[in-house]
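Number of protein chains: 2
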Amino acid sequence: MAAMYELSASEAARRIRAGSLSPSNLVAACLKRVDATEPAVGAWVRLDRDAAARVAVQRDIEAREGRFMGPLHGVPIALKDVFDAAGVPTISGAPAWATRTATADATVVARLRGAGAVPMGKLVTTPFAFLDPSTTRNPWNPEHTPGGSSSGPAAAVAARMVPLALGSQTVGSVLRPAAYCGVIGFKPTHRRISTAGVLALAESLDHVGVFARSVEDCALALSLLAGPDPADPHVSAVPPGPYLAVLAAPAPPRIGVLGALIAQATPEMAKHLDAILRELEGAGARLVDVDLPDSFATLRTAGETVLAVEAAHAHSPLYASHAADYPPRIKELIERGRAVTAPDYLAAQSARRRAGDELDAVASSHDALLAPTIGAPAPRGLGSTGDPGFCAPFTFAGLPAISLPTGLDPSGLPLALQLVGTAWGEARLLAAAAWCESVIRFDAGPSL
Amino acid sequence: MAAMYELSASEAARRIRAGSLSPSNLVAACLKRVDATEPAVGAWVRLDRDAAARVAVQRDIEAREGRFMGPLHGVPIALKDVFDAAGVPTISGAPAWATRTATADATVVARLRGAGAVPMGKLVTTPFAFLDPSTTRNPWNPEHTPGGSSSGPAAAVAARMVPLALGSQTVGSVLRPAAYCGVIGFKPTHRRISTAGVLALAESLDHVGVFARSVEDCALALSLLAGPDPADPHVSAVPPGPYLAVLAAPAPPRIGVLGALIAQATPEMAKHLDAILRELEGAGARLVDVDLPDSFATLRTAGETVLAVEAAHAHSPLYASHAADYPPRIKELIERGRAVTAPDYLAAQSARRRAGDELDAVASSHDALLAPTIGAPAPRGLGSTGDPGFCAPFTFAGLPAISLPTGLDPSGLPLALQLVGTAWGEARLLAAAAWCESVIRFDAGPSL
């Protein structure tokens, strides 16, 4: 039988509701797991040990009285340190002058708390959620990066310290570290989830995402997080879907295989993905070779212009007084953005939207498009968080995407695939992902 | 009894439905009125005489059979020549190289046509709907400008050539010419009406608006035009209001008087508006002095940056090949926009939105804010379309606004007031405007 800290959020929630697991015991097990594994990993910025234990006792009492706050009653979660949590500083992985004191929860944090979740604390982000590395280590091999910018969430969920964590993705900051760490990373369509109270990097590209160890947990989180928010007028009015219901008995999906991207991975990764594809096909998936639209390359170049400009905008108040103190990669990004003219920015936005629409049209005729999440396993060393290039175009298109772990390379580092859905089609994507998950059945954790 | 061409769109529609007026006779009366007045005014780019007559006959037949296409069955309308109408060129007041051949109706044109309206043709716009003047003359005095950029719609509705016309406003292009010409000009909240198929000047600021001779016609038009459009994803999902129902018996409104703006008009205009205010108060309106938020000035400066940048973007393909041929004022605007950096543009957008929200908060505690539409009557000469300064801040804030004619100055030129509502509060604004209209009772037309 799995240790308590190994349980998925959904399974833990079910046991709590059934009375066979108490929130306090679960939180205590996770805290103990943190104690055992954190020295090797370094995933946490702030562990709210006492607060979590106190809230868990409250959830215990309610559960005993048959009162349940919501679908995550008593389940521990953790937040990338770009999400505001009331009364706690948001440090954003940055020097002290960038810290903000949060007086209110980010909308998504409030929603998880309102659903009964027990926040355990804040997880490491790279500085300002960009490419400058953090000190977190990959739980599968401490000599390797866990990826970024959501380094802490990926590592903490992989190390079984917490079953569910919030992350954010502007280029490849959820799916890439999830892939490097052997867990699931998911981000829905742009503007599906409120970003109120979340550190901005580039408004047109910023997504809230989640780290979990089951597709069901991603669907559960989305069902709680999706939808309009008075504090974020940009959230779409497109109604959320039946994210959990579609997982009941998913049919073998029709998958559009992006061979041109698989060919850009290392030969080992390509060979591995090919074997996975054969396995999926053998289990009943319908595989279709899909060509990328000509505008796919534009998506990357236009998205990078938008990223640089909007980062310069988001940082302009701080940058005005602290330019010299910025970490080098985000500094370079901001300087690049400052040099772009406004009409060139708007042209990049138009090109990005057009190319995104073309990619979405391709995605819409399949249950999911399949591509690598990463071109190779996590690089050695902590000097780089790896290449987000396989995630970037889909993020820049705003399409929903999920990374599933698929196995380990000979050195024991995780491998992964990426499934991409049509805009607002998260339910269809999650159903396809759940089916693939049930075929691939990778649920190993690192020895720690 | 009023001549047929004097009827409002709503009254004409009622008579057509009652069988006491035939679409053909109405269209013929309007065409005859065009023949009589157009030589002095010059409002039309293209009069679709035969097509209008043919469609009117079709509406006759349907009406006789008791079949009515919609609320504008058989009512003539006309379009500022920035709206696409299928099969007809959209010239936009510009040199021939800028003409586009419309293969489909703009969404708003299709909606009016679908409601039974009979399009009579295209009306003069200033070049590219900006400040370079057109040759249209003010029907009240041909030595004076009718204003712009919707010069033709204002002049045609004032001259009783057509009861209802579509215009567009990015700064002051509907309300200002309406005020100069003694008719009603109305534009709803930004993104309330689709702009698909309408020439873009500055996407964040472009509004579709209407010219009419009764508030009821504005409400009728809005009830047909408001709401989502698959061709324009930017249209808001905020549900349209009961625009016509609220006009049934409007109560005396609570009006926030913007004295600081009235003080910026000429002493004659200020005195006139003061007399109107006394009249409204005498009839039961509750007047409250309202101070402008400190950020009001920012709205203007930030809005002008957004305008310049987005105009440069909208024109970039044409400007690349025809810069030398552009009219001087829009050329200057585009050049100004090209020099803005992208972060400065985003800063201007943020400042504009913040200031707009503050102004909206002020507007929301009143049924309407009252300000001048114009600082003085239409200037002499056709060299300028006048000063849009009294309209600009409200347009840049995206708030709904309506201009009502209030009388004539000693030289016989129209005077006007502007009522501004809270965002998405068009129903409340229109009810206040209808009440004011019933008190002011200005319905004179020019002698032509």
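Residue numbers (this note's numbering), protein chains in the order written: chain A, 615 to 1062; chain B, 615 to 1062.
We treat Cβ as the ideally placed atom computed from N, Cα and C, and that holds for glycine.
{"Item": "The stretch 866-879 of chain B contacting the stretch 893-908 of chain B, beta-carbon criterion three pairs below 8 angstroms", "Value": "yes"}
{"Item": "Residues near V812(B) in its chain [Cβ-Cβ closer than 8 angstroms; skip 5 each side]", "Value": "V696, F697, D698, A720, V722, S782, D820, V822"}
{"Item": "Bridge partners - S782(A), DSSP secondary structure assignment", "Value": "V822(A)"}
{"Item": "Residues that P957(A) contacts on chain B, provided the C-beta gap is smaller than 7 angstroms", "Value": "V923, A926, H927, S930, G951, R952"}
{"Item": "Residues in the stretch 833-854 of chain B having any Cβ partner in chain A nearer than 7 angstroms", "Value": "A851"}
{"Item": "The alpha helix (DSSP H) enclosing T651(B), as first and last residue numbers", "Value": "637-655"}
{"Item": "Beta-carbon proximity list for L858(A), same chain, < 8 angstroms, skipping 5 on both sides", "Value": "E830, A833, L834, S837"}
{"Item": "Residues that A961(B) contacts on chain A, provided the C-beta gap is smaller than 9 angstroms", "Value": "H927, S930"}
{"Item": "CA nearest to the CA of P708(A), picked from V702(A), F742(A), V669(A), G728(A)", "Value": "First, the residue type needs correcting, since residue 708(A) is Ala and not Pro in the sequence shown. Of V702(A), F742(A), V669(A), G728(A), the residue nearest in Cα terms is F742(A)."}
{"Item": "Residue closest to D1001(A), alpha-carbon to alpha-carbon, out of R950(A), R673(A), Y794(A), I675(A)", "Value": "Y794(A)"}
{"Item": "Neighbourhood of I988(B) by C-beta, 7 angstroms cutoff - its chain only, sequence neighbours within 5 removed", "Value": "R790, A793, Y794, G1000, F1004, A1030"}
{"Item": "F1056(A) beta carbon less than 7 angstroms from that of T1009(A)", "Value": "no"}
{"Item": "Own chain partners of T750(B) with C-beta closer than 6 angstroms, once the 5 adjacent residues on each side are dropped", "Value": "G656, A657, V738, P760, S765, G766, A769"}
{"Item": "Residue closest to P1060(B), alpha-carbon to alpha-carbon, out of S763(B), A977(B), A773(B), V659(B)", "Value": "A773(B)"}
{"Item": "Short Cβ contact (7 angstroms threshold) for S787(A) with S748(A)", "Value": "no"}
{"Item": "Residues near R673(B) by beta carbon distance below 7 angstroms, same chain, minus five either side", "Value": "P637, H687, G688, G730, V732"}
{"Item": "Reduced DSSP category for S1017(A) - H, G, I as helix; E, B as strand; rest coil", "Value": "strand"}
{"Item": "Beta-ladder partner(s) of W658(A), from DSSP", "Value": "L737(A)"}
{"Item": "Member of G873(B), T803(B), E918(B) whose CA lies at the smallest distance from the CA of D974(B)", "Value": "T803(B)"}
{"Item": "Alpha-carbon to alpha-carbon, W754(B) and P942(B)", "Value": "28 angstroms"}
{"Item": "DSSP bridge partner residues for V849(A) (one or two, in chain order)", "Value": "Bridge partners of V849(A): none, in fact."}
{"Item": "Rounded distance between the beta-carbons of V976(A) and V902(A), thought under 8 angstroms", "Value": "11 angstroms between Cβ atoms; not a contact."}
{"Item": "Sequence-distant residues of its chain with Cβ nearer than 7 angstroms to A851(B) (five each side left out)", "Value": "P842"}
{"Item": "Boundaries (first-last residue) of the beta strand (DSSP E) holding L1029(B)", "Value": "1028-1034"}
{"Item": "Cα-Cα separation, A814(A) to T880(B)", "Value": "47 angstroms"}
{"Item": "Within 7 angstroms, strictly: CB atoms of A1048(A) and E924(A)", "Value": "no"}
{"Item": "Where the alpha helix (DSSP H) through V920(B) begins and ends", "Value": "910-936"}
{"Item": "Buried or exposed (CB count within 10 angstroms, at least 16 for buried), H725(A)", "Value": "Per the sequence presented here, residue 725(A) reads as Arg, with His not at that position. When all chains shown are included, R725(A) counts as buried."}
{"Item": "Beta carbon of L780(A) nearer than 7 angstroms to that of L861(A)", "Value": "no"}
{"Item": "Pair within 7 angstroms by beta-carbon distance, A712(A) and L932(A)", "Value": "yes"}
{"Item": "For A792(A), three-class secondary structure by DSSP", "Value": "helix"}
{"Item": "Inter-residue Cα distance where the pair is Y940(A) and G701(B)", "Value": "57 angstroms"}
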